[in-house]
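Undergrad: One structure follows; several queries about it will come next.
There are 2 protein chains.
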Amino acid sequence: MLTFGEELSGTDLKKWADWSVGFYYWSPSLSQVYTELKKLETVGFVQSREISEWGERTRRVYGITQSGVDAVRIWSRESPVEFPVLKHSVMLRLWMGHLNDPDHLKAIVCNHIANVEEKMAKAAQHADHSEGEPGWAFSKMSLRWAARHFQAEIDLARDLLEEIDEAAELFAQSRVDELGLPTPVDPGIWKSVDDAIQKPRSD
Amino acid sequence: MLTFGEELSGTDLKKWADWSVGFYYWSPSLSQVYTELKKLETVGFVQSREISEWGERTRRVYGITQSGVDAVRIWSRESPVEFPVLKHSVMLRLWMGHLNDPDHLKAIVCNHIANVEEKMAKAAQHADHSEGEPGWAFSKMSLRWAARHFQAEIDLARDLLEEIDEAAELFAQSRVDELGLPTPVDPGIWKSVDDAIQKPRSD
DNA sequence: TTCGTCATGTAAGAAGTTACATGATTAA
DNA sequence: TTAATCATGTAACTTCTTACATGACGAA
Chain A
-7 MLTFGEELSG TDLKKWADWS VGFYYWSPSL SQVYTELKKL ETVGFVQSRE ISEWGERTRR
53 VYGITQSGVD AVRIWSRESP VEFPVLKHSV MLRLWMGHLN DPDHLKAIVC NHIANVEEKM
113 AKAAQHADHS EGEPGWAFSK MSLRWAARHF QAEIDLARDL LEEIDEAAEL FAQSRVDELG
173 LPTPVDPGIW KSVDDAIQKP RSD
Chain B
-7 MLTFGEELSG TDLKKWADWS VGFYYWSPSL SQVYTELKKL ETVGFVQSRE ISEWGERTRR
53 VYGITQSGVD AVRIWSRESP VEFPVLKHSV MLRLWMGHLN DPDHLKAIVC NHIANVEEKM
113 AKAAQHADHS EGEPGWAFSK MSLRWAARHF QAEIDLARDL LEEIDEAAEL FAQSRVDELG
173 LPTPVDPGIW KSVDDAIQKP RSD
């Protein structure tokens, strides 16, 4: 983010990450931002100074150095591009749909759609917001990608709503559910399970 | 996976994970599979026995217990459904596209498309493969979702191919690249950087 | 007998989080 | 003065991976 030329503080960087790279990659915790900045400074990729403007509390801002710019350039070109990592909790629930009832599954999907719509609106809004800033051209392109990606996600989720009943009916014909009827549930059980799992470790 | 009713060994579970949940969630390393199985057995959610069939080496297979079934059921219904986690390295590269040249960026995207096509074919193939097994109805639904998801990913990537040049042209009008020209690259630098970063830690 | 390899298992470490600590400024 | 809050920073812990260890069987 510093290669865009501005000097930024830890908090700035976290905020920027939240509404740019956070949509399609991930956004680090604030504590990690500070940790990494410190590391980057010890190897000379960034340089910091304290500024105290009138009426503001003092902040430490970081700027990238020439060797820092060289390093990201090299990283961008030479480091292997991994296949995208996806951990889709909604699909995980649907995959084990035979352990749940169809209405609950559909509720999960509906809720998911609402969440994604919200994210999509934000991404689109941020993309528009950077209108006319040639320096943000790639950033804007990525945000538009994110908005389209979220739209595709919504379309796929809508399809699922219809398929859930279908799958549930099919499943009902199988003999897998010999394993147990839908049991009434004590939500407290997982706490005790975690305890039980933890205990053997500390022995 | 054990709720499908079969007794499975560690290796079995890893293989199953690779071609089911691995497409839309993630697949654990083999070592973690064994670690978790051990934990699950100490709390009574699974039960194991050694089997040695003629001509095969002995393996330890795990079956789920009633309390195990209850526990996943509860987990499936009660545990909060997180927003999908995405770490899209390709988009990360494009976001910092100003540090690279457009042709290289397009090559990254083309390569990505090829990778996704391969994955999509596998997911579709596995979905077809479980044809006519009502017990796998939800698993199959998820695999079909994955195939469609990958197709959408491909469509979005193709759009990007055109937008890259556009963004690069726009960016060229900005003054951000005062920071440095495209520098020739020594791929070895990252090794030494990692060393430099590691050292302060061990002091 | 030796070698390769498969199934299982362990130990060390990478990458990141949450929860907490600190100092300094603003508001009551 | 006290309380709230912001910017910064640290420590402990979680989760997962890679790399290594072990024991058993089959093949040469």
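Here the protein sequences line up with chains A and B, keeping their order.
For the record, in the first sequence the residue sitting at position 183 is 175 according to my numbering, with numbers rising by one throughout.
For the record, in the second sequence the residue sitting at position 72 is 64 according to my numbering, with numbers rising by one throughout.
Glycine included, every Cβ here is placed at the ideal spot set by N, Cα and C.
Pull up the distance between the alpha-carbon of glutamate -1 of chain B and that of alanine 119 of chain A, whole angstroms please.
TA: If you take the alpha carbons of glutamate -1 of chain B and alanine 119 of chain A, they lie about 51 Å apart.
Undergrad: What distance in whole Å lies between the Cβ atoms of tyrosine 26 of chain B and glycine 2 of chain B, which are believed to be in contact at a cut-off of 8 Å?
TA: Right, the Cβ-Cβ distance comes to about 5 Å (below 8 Å), so this counts as a contact.
Undergrad: With leucine 91 of chain A as the anchor, note down where its beta strand (DSSP E) starts and where it stops.
TA: From DSSP, leucine 91 of chain A is part of no beta strand (DSSP E); its letter is neither H nor E.
Undergrad: For glutamine 39 of chain A, which residues does DSSP report across the bridge?
TA: Beta-bridge pairing links glutamine 39 of chain A to A:Gly55.
Undergrad: Distance, Cα to Cα, leucine 153 of chain B vs serine 81 of chain B?
TA: Rounded to whole angstroms, leucine 153 of chain B to serine 81 of chain B spans 16 Å at the Cα level.
Undergrad: What does leucine 0 of chain A pair with, by DSSP beta-bridge criteria?
TA: Partner(s): A:Tyr54.
Undergrad: Alpha carbon to alpha carbon, what distance is there between alanine 99 of chain A and leucine -6 of chain B?
TA: Distance between the alpha carbons of leucine -6 of chain B and alanine 99 of chain A is about 25 Å.
Undergrad: Flag this pair as yes or no: are the beta carbons of serine 44 of chain B and tyrosine 54 of chain B separated by less than 8 Å?
TA: Taking 8 Å as the Cβ cut-off, serine 44 of chain B and tyrosine 54 of chain B do not qualify as a contacting pair.
Undergrad: Can you find the residues in the same chain that come closer than 8 Å, C-beta to C-beta, to phenylalanine 142 of chain A, ignoring five residues on each side of it along the sequence?
TA: Contacts found: Val108, Glu109, Lys111, Met112, Ala115.
Undergrad: If you count every other CB in all the chains shown that lies within 10 Å of the CB of arginine 136 of chain A, and 16 or more means buried, which is it?
TA: Buried, because 16 or more other Cβ atoms sit within 10 Å of the Cβ of arginine 136 of chain A.
Undergrad: Specify the secondary structure class of valine 73 of chain B as computed by DSSP and reduced to three states.
TA: Three-state result, valine 73 of chain B: coil.
Undergrad: Isoleucine 100 of chain B CB to nearest chain A CB: under 8 Å?
TA: Yes, isoleucine 100 of chain B counts as interfacial toward chain A.
Undergrad: Does the CB of tyrosine 26 of chain A have a neighbour CB from chain B at under 8 Å?
TA: No, because no Cβ of chain B sits closer than 8 Å to the Cβ of tyrosine 26 of chain A.
Undergrad: Spell out the partners DSSP gives lysine 79 of chain B in its beta bridges.
TA: Beta-bridge pairing links lysine 79 of chain B to A:Val77.
Undergrad: Could you check if valine 101 of chain A is buried or exposed, using at least 16 other CB atoms within 10 Å of its CB as the buried criterion?
TA: Buried, by the Cβ-count rule.
Undergrad: Please classify glycine 124 of chain A as buried or exposed, where buried requires at least 16 other C-beta atoms within 10 Å of its C-beta.
TA: Exposed is the call here.
Undergrad: Roughly how many whole angstroms lie between the Cα atoms of leucine 84 of chain B and phenylalanine 75 of chain B?
TA: If I take the Cα positions, the gap works out to 19 Å.
Undergrad: Between A:Ala149, A:Ser122, A:Pro20, which has its C-alpha nearest isoleucine 105 of chain A's C-alpha?
TA: Of A:Ala149, A:Ser122, A:Pro20, the residue nearest in Cα terms is A:Ala149.
Undergrad: With 7 Å as the C-beta to C-beta threshold (strictly closer), list the residues of the segment 79 to 90 of chain A near chain B in chain order.
TA: For the segment 79 to 90 of chain A, which is checked against every Cβ of chain B, the residues closer than 7 Å are Lys79, His80, Ser81, Val82, Met83, Leu84, Arg85, Leu86, Trp87, Met88, Gly89, His90.
Undergrad: Please classify aspartate 10 of chain A: is it buried, with 16 or more other beta-carbons within 10 angstroms of its beta-carbon, or exposed?
TA: With fewer than 16 other Cβ atoms within 10 Å, it is exposed.
Undergrad: Nearer than 7 Å: is that true of the beta carbon of leucine 86 of chain B relative to any heavy atom of the ligand MG?
TA: Among the ligands in the structure shown, none appear at all, so the ligand MG cannot be discussed.
Undergrad: Starting from the Cα of valine 38 of chain A, find the closest Cα among A:Gln58, A:Leu22, A:Thr50 and give me that residue.
TA: Of the listed residues, the one whose Cα sits closest to valine 38 of chain A is A:Gln58.
Undergrad: Between alanine 144 of chain B and chain A, is any beta-carbon pair separated by less than 8 Å?
TA: Yes - at least one Cβ of chain A is within 8 Å of the one on alanine 144 of chain B.
Undergrad: Can you name the start and end residues of the alpha helix (DSSP H) that arginine 150 of chain B belongs to?
TA: Note, arginine 150 of chain B: alpha helix (DSSP H), 129 to 164.
Undergrad: Is it the case that the Cβ atoms of proline 94 of chain B and isoleucine 156 of chain B are separated by a distance below 8 Å?
TA: For proline 94 of chain B and isoleucine 156 of chain B, yes; Cβs fall inside 8 Å.
Undergrad: Using a Cβ cut-off of 7 Å, pull out every chain A residue sitting near histidine 96 of chain B, in sequence order please.
TA: What histidine 96 of chain B touches in chain A: Arg69.
Undergrad: Is it true that the CB of leucine 86 of chain B sits closer than 8 Å to the CB of methionine 133 of chain A?
TA: Yes, Cβ-Cβ distance for methionine 133 of chain A and leucine 86 of chain B is below 8 Å.
Undergrad: I need the straight-line Cα distance from tryptophan 8 of chain A to leucine 91 of chain A, nearest angstrom please.
TA: Answer to the nearest angstrom: the Cα atoms are 41 Å apart.
Undergrad: What do you get for lysine 13 of chain B, buried or exposed, if any count of 16 or more other CB atoms within 10 angstroms of its CB means buried?
TA: Going by the sequence as given, residue 13 of chain B is valine instead of lysine. That one is buried.
Undergrad: Please list, in chain order, the residues of the segment -1 to 31 of chain B that have any C-beta partner in chain A closer than 8 Å.
TA: Taking 8 Å as the Cβ-Cβ cut-off against chain A, the residues of the segment -1 to 31 of chain B that qualify are Ser12, Val13, Tyr16, Tyr17, Trp18, Lys31.
Undergrad: Measure the C-alpha to C-alpha separation of valine 73 of chain B and serine 166 of chain B and round it to an integer number of angstroms.
TA: Approximately 42 Å, taken between the alpha carbons.
Undergrad: Would you mind stating whether phenylalanine 163 of chain A and alanine 138 of chain B have Cβ atoms separated by less than 8 Å?
TA: Not in contact: phenylalanine 163 of chain A and alanine 138 of chain B (Cβ atoms no closer than 8 Å).
Undergrad: I'd like to check one pair, alanine 159 of chain A with leucine 89 of chain A: are the Cβ atoms closer than 8 Å?
TA: Before going further, note that residue 89 of chain A is glycine rather than leucine in the sequence given. Yes. Within cutoff.
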